[in-house]
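Shown next, in structure tokens, is the structure this report addresses.
Number of protein chains: 2
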Amino acid sequence: MNNDLILLGHGSGGNLSHQLLEELLIPTLSGEGMAQRNDAALLELAGQRLAFSTDSYVVEPLFFPGGCIGDLAVNGTVNDLAMMGATPLWLSCAMIIEEGFSRQKLAEVATAMRVAADLAGVKIVTGDTKVVPRGKADGLFINTSGIGVIRHDLRIDGTRARPGDRIIVSGTIGDHGIAVMAAREGLELESGVRSDSAPLNGLVADLLAAGGDTVHVLRDPTRGGVATTVKEIALQSGVDVTLDEASLPLTAGVKGVCSILGLDPLYVANEGKLLAFVAPERAVELLAMVRNHPLGKDAAIIGEVTKIGTGKVRMLTSVGGFRGVEMLAGEQLPRIC
Amino acid sequence: MNNDLILLGHGSGGNLSHQLLEELLIPTLSGEGMAQRNDAALLELAGQRLAFSTDSYVVEPLFFPGGCIGDLAVNGTVNDLAMMGATPLWLSCAMIIEEGFSRQKLAEVATAMRVAADLAGVKIVTGDTKVVPRGKADGLFINTSGIGVIRHDLRIDGTRARPGDRIIVSGTIGDHGIAVMAAREGLELESGVRSDSAPLNGLVADLLAAGGDTVHVLRDPTRGGVATTVKEIALQSGVDVTLDEASLPLTAGVKGVCSILGLDPLYVANEGKLLAFVAPERAVELLAMVRNHPLGKDAAIIGEVTKIGTGKVRMLTSVGGFRGVEMLAGEQLPRIC
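If you read the protein sequences in the order shown, they are chains A and B. Residue numbers for the first sequence follow the working numbering, so the first one is -6 and each next one is one higher. Residue numbers for the second sequence follow the working numbering, so the first one is -6 and each next one is one higher.
Listed below in structure tokens is the structure:
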């Protein structure tokens, strides 16, 4: 019977989300761009390649250590464009506001959006505002859509991982999701964890300038975390991957909250981190370059593509065994972004 | 004290919406596109003019005579692009779904989106799905953003109305808003009113091909209705306008529901109608052309720009007097789109 109803897990970014997209939304809405299954659609206009992406933000609470829904809404869409190798140029901003929402808080959110847009070098050029009666929404939801331009001939997408590729993560994992959960549970002061919400377009530009076509795949591990994102890429590229648990960069704060709340940081959302699948001969050099960037100082190589395969991902555990890594099942952390 | 809170009227498209945009959102978010104050931002990329627009749809009920949130979400954004004289090409689709929503209804909405997209000749190329817990949203909200390309040298925008211009409306007014209200009040069968939800890009292409630079302003009178839209344009262009009440095309059904519910159809939303401000020497010919289009058979000239002015709009009433026409004050019909 529950098959007939939409569940929280359908918004998780994990298994159920994929099912809903593959069985219903993508075939019905169609469109080649959705069929590409990347962070943004790749479009062509007058010989120019464009990237186009959309995301709605429903994070709860609206303000959390390290950010708020405003900078999240800008950074999230900027990053989706950057992961296609695009230079983000323009964003839209559409707000759905619950009647009775504080005008002061709205101003704070709008200011955070502007600051984030300036930092990322994008302009918010068009918008929409809807207000729904009390109880019909939860404070504030924001959609941003973004347009970027691809100023090089590289093809960066989820199908291009190949055997030997090393997987670089640009920093510690799980910070955003844990900061939001800690805020929700009243643990934010003890944990000291802050969201990593940040625009990655500058880091991507550096990576592509240095790495060129040795950079095969870029993706930001948001909903579903590093585990789900690596599994998606492995499936898209038809390769098998091994991750190394001991090399995963993690702060003590994230470790602590994860153990209190029983969460696996590999499945927790990040909002200012990227995964790069790069050719092995350049991996160490590119890692060093990422570490020199202000947003990449804790970067690490966390695994590699072992062979052409069926999308299997396994983890070499800290105690020396292997375990399978699957997409997030169900909904671990609702409303994390 | 209420100054501190967001009211339903801030989403009306009328007076309060304009205040919120002008005092808070536009100055804070900035961006030249928003400052243009048209239905879409006008952008330039590699010598090509683009239009970019966004709208969230929160209509209640989701299904109403003549349409549903799905076709509305496609047509609304297609029309915003068309009103800039752009050829709409690509849409994004971001859904916020309440936990427990019917998967069957979601499929119906997605199908309606696809049918509408095919009819308008646009592709849905990228998307996002969020699910929020029960009680945190109302069924389904949809955001669509759209990109169009401007394939001519005409400048169509709200600042270009000039003395002498005739105002063409492409058909009967108030149908969408009244269809939704009637559905909400259980009056839909008696009234027989159906939403006019339709894509106007084909009609616009015909108008521009025939009228060229004698077409000065195009805008679709959605939230706030014809009254608010004409007032906006008069203010943007710095002209005064006179409307002729007797010439407003209205169905008997809309008249009937308006009198039952005490509504003024001039303030009721349309979703498949446009206003065109055109040079007087071509007005009758262009009117005839619009009437020959399947979406324009009830078109009429409903007024004219009288002089350079301060944005005053007045109505020659059916009984022969004049009354001032202002923007929608407060919120007449919440959640109409």
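By construction, the Cβ of each residue, glycine as well, lies at the ideal position given by its N, Cα and C atoms.
Residue environment, residue i, which counts as buried when at least 16 other CB atoms sit within 10 Å
i	result
B:T137	buried
A:G179	exposed
B:R336	Nothing about residue 336 of chain B can be read from this structure; chain B reaches only from -6 to 330.
B:E332	With chain B covering only -6 through 330, there is no way to say anything about residue 332 of chain B.
A:R127	exposed
A:A176	buried
A:E16	exposed
A:G322	Inspection of the sequence shows that residue 322 of chain A is occupied by Ala rather than by Gly. Classification for A:A322: exposed.
B:G7	buried
B:N(-4)	exposed
B:Q12	exposed
A:D146	exposed
B:R212	buried
B:A39	exposed
B:G204	buried
B:E181	buried
A:E92	buried
Selection from the options that minimises the alpha carbon distance to residue i
i	options	result
A:Q41	A:A79, A:Y50, A:G313	A:A79
A:T303	A:V283, A:K116, A:V223, A:G296	A:V223
A:F45	A:V51, A:A34, A:A39, A:L55	A:A34
B:Q229	B:D32, B:S23, B:L22, B:L17	B:D32
A:V201	A:A269, A:L55, A:K305, A:L13	According to the sequence shown, residue 201 of chain A is Leu rather than Val. Taking only the C-alpha atoms, the option nearest A:L201 is A:A269.
A:V125	A:I117, A:F134, A:V118	A:F134
B:G255	B:L326, B:K98, B:H11, B:G7	B:L326
A:I90	A:A130, A:V118, A:I(-1)	A:A130
B:I149	B:M77, B:A103, B:E53, B:L267	B:M77
A:Y50	A:L9, A:S23, A:S5, A:G93	A:S5
B:R96	A:H3, A:L(-2), A:G2	A:L(-2)
A:V52	A:M174, A:G317, A:G314	A:M174
A:P54	A:T21, A:H169, A:E92	A:H169
B:A100	A:L14, A:G313, A:L267	A:L14
B:A103	A:A103, A:K98, A:T21, A:F56	A:T21
A:A267	A:F56, A:F315, A:P214	First, the residue type needs correcting, since residue 267 of chain A is Leu and not Ala in the sequence shown. The candidate whose alpha carbon is nearest that of A:L267 is A:P214.
Beta-carbon contacts of residue i that lie in its chain and below 7 Å, excluding the five residues immediately before and after
i	result
B:V67	L84, M106, A109, A110, A113, T137
A:M(-6)	In this prediction, A:M(-6) scores a pLDDT of 43, lower than 50, which makes its location untrustworthy; no coordinate-derived value is stated.
B:D199	M282, H286
B:T235	G296, E297, T299, R307, L309
A:L0	L9
B:R216	S5, G6, A262, I329, C330
A:F94	G132, L133
B:T221	G6, G7, Y260, M320, L321
Contacts around residue i, its chain only, beta-carbon distance under 8 Å, and the 5 residues preceding and following it disregarded
i	result
A:E37	L43
B:K290	G164, R284
A:L288	S163, G164, A191, L193, G195, L196, G265
A:T47	T70, N136, T137, S138, G139
A:L241	V162, I166, V219, P258, L259, A293, I295
B:K305	A227, D233, V234, G317
Neighbourhood of residue i by C-beta, 6 Å cutoff - its chain only, sequence neighbours within 5 removed
i	result
A:P351	Outside the displayed range of chain A (-6 to 330) lies residue 351 of chain A, so it cannot be described from this structure.
A:G185	G246
A:T122	M88
B:G2	L9, G323, E324
B:A272	T207
B:D64	A105, A109, S190
A:T244	T165
Assumed close pair residue i, residue j - CB separation to whole angstroms, cut-off 8 Å
i	j	result
A:S311	A:E238	5 Å
B:A87	B:G120	6 Å
B:S252	A:I117	With a Cβ gap of about 43 Å, B:S252 and A:I117 do not count as contacting.
A:I301	A:V232	6 Å
Heavy atom of the ligand MN within 6 Å of residue i beta-carbon
i	result
B:G302	This structure does not include the ligand MN; it has no bound ligands of any sort.
message = Contact between the segment 146 to 164 of chain A and the segment 246 to 254 of chain A is defined here as three or more beta-carbon pairs at a separation below 8 Å; is this criterion met?
response = In this structure the segment 146 to 164 of chain A does not lie against the segment 246 to 254 of chain A, because fewer than three pairs of beta carbons, one per stretch, are closer than 8 Å.
message = Below 8 Å, how does it come out for the segment 295 to 310 of chain B and the segment 157 to 171 of chain B: are there three or more Cβ pairs, yes or no?
response = The segment 295 to 310 of chain B makes contact with the segment 157 to 171 of chain B, as at least three CB pairs between them are under 8 Å.
key: Three-pair Cβ contact test at 8 Å for the segment 54 to 63 of chain B versus the segment 182 to 189 of chain B   = A contact exists between the segment 54 to 63 of chain B and the segment 182 to 189 of chain B.
request  = Say whether the segment 260 to 279 of chain A touches the segment 201 to 221 of chain A, bearing in mind that this needs 3 or more beta-carbon pairs closer than 8 Å, one atom from each stretch.
outcome  = Segment contact: the segment 260 to 279 of chain A against the segment 201 to 221 of chain A, three or more CB-CB distances shorter than 8 Å; contact assigned.
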